[in-house]
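Counting the sequence shown from 1 gives a position; our numbering is that position plus 3.
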Amino acid sequence: MTHYYDENSKLTGKKYVVTEVIDGIPLTLVSSDNVFSKNRIDKGTKILLENLVIPQEGKVLDLGCGIGVIGIYIALKNPAIKVVMSDVNPVAIKLAKYNCTLNKVGDRTLVVKTNLLDSFNENEFDAIISNPPLAKGSEFIIKMVNDAKNRLKTNALLEIVVKKGENVVEDTLKKYNYSVNKKIRKQGYTVFIALKN
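The structure is reproduced here in structure tokens:
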């Protein structure tokens, strides 16, 4: 059985059109079976977007982009930002690329298939933003936070939302010398906005 966070997922089943306005930004997204939150924007992502700190300029990574919700939102909210979106799931990659074109942000977004942060350079990003797949467990979160440290520029932000494992995330951020600037709890989710020192 494949999961939405599996690199062997295939584009099968029903297609969905998801429309939503978040903080004044209209999003229209095509989705399908075999991706996370296939027929809606999940609550955790909405809460993350409502609390997001978007840099004025530079390059941002939407890590585990799924169909592209976070990356497209950022590209629409601040056209000065270059947005890179990555996922391991080929279905998500195909849909994210399509959705970038649909939302007219294809000229300032790049969608790539990669496992976590393996394909990126050190000190490349001004922010890394993610609603990570919690089904992969705390070891995944720990690796993500650690790997992000090397890919972020100094004084760059790591912004993540979790529904469970809040203590693991906070302890891991501290262990890897991030400063937690904001910790927002809402409707069972926790958003961390952490600064790389």
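All C-beta atoms, glycine included, are put in the ideal place defined by N, C-alpha and C.
None of the values given here were measured: they were computed from a predicted structure.
In terms of residues, what are the limits of the alpha helix (DSSP H) holding residue i?
i: ASN102; result: 93-105
i: LEU52; result: 46-54
Could you give the first and the last residue of the continuous beta strand (DSSP E) run that contains residue i?
i: LEU79; result: Premise fails: LEU79 lies in the alpha helix (DSSP H), 72-80, not in any beta strand (DSSP E).
i: ASN184; result: 181-189
i: PHE128; result: 128-133
i: ALA151; result: Careful: ALA151 lies outside any beta strand (DSSP E), inside the alpha helix (DSSP H) at 141-154.
i: GLU23; result: 18-25
i: THR112; result: 112-116
i: VAL33; result: 28-35
Please report the distance separating the alpha-carbon of residue i from that of residue j.
i: VAL33; j: THR22; result: 9 Å
i: GLU162; j: ASP36; result: 27 Å
i: TYR192; j: VAL164; result: 7 Å
i: LEU120; j: LEU113; result: 15 Å
i: GLY71; j: LEU155; result: 21 Å
i: ILE84; j: ILE75; result: 11 Å
i: VAL38; j: VAL20; result: 13 Å
i: ILE187; j: LEU160; result: 15 Å
i: LYS152; j: GLY140; result: 19 Å
i: GLN190; j: ILE96; result: 29 Å
i: GLY61; j: LYS18; result: 34 Å
i: LEU137; j: PHE195; result: 15 Å
Secondary structure at residue i, three-state DSSP: helix, strand or coil?
i: ILE196; result: strand
i: GLY61; result: strand
i: ASP9; result: Because the pLDDT at ASP9 is just 43, under 50, the model does not fix this residue reliably, and the value given afterwards should be weighed accordingly. ASP9 falls in the coil class under three-state DSSP.
i: ASN170; result: helix
i: LEU137; result: helix
i: LEU161; result: strand
i: LYS85; result: strand
i: LEU119; result: coil
i: MET4; result: Any answer about MET4 is weak, because its pLDDT of 34 lies below 50 and its placement is not dependable; what the coordinates show is given next. Note: MET4 maps to coil in three-state DSSP.
Please identify the residue among the options whose C-alpha is closest to the C-alpha of residue i.
i: LEU198; options: GLN190, LYS178, VAL94 and ARG188; result: LYS178
i: ASP150; options: ILE84, VAL20 and ASN180; result: ASN180
i: VAL87; options: THR117, LEU30 and LYS49; result: THR117
i: VAL183; options: LYS189, ASN158, LYS166 and GLN190; result: ASN158
i: LEU79; options: ILE187, VAL24 and LYS186; result: VAL24
i: GLN59; options: MET147, ASN200 and ASP129; result: ASP129
i: ILE28; options: SER40, ASP45 and LYS49; result: LYS49
i: LYS123; options: LYS41, LEU66 and ILE57; result: Before going on, a small fix: residue 123 reads as Phe here, not Lys. Closest by alpha carbon: LEU66.
Using 6 Å as the cut-off, classify the Cβ of residue i as near or not near the heavy atoms of the ligand ADP, replying yes or no.
i: THR104; result: Although the ligand ADP was asked about, the structure shown includes no ligands whatsoever.
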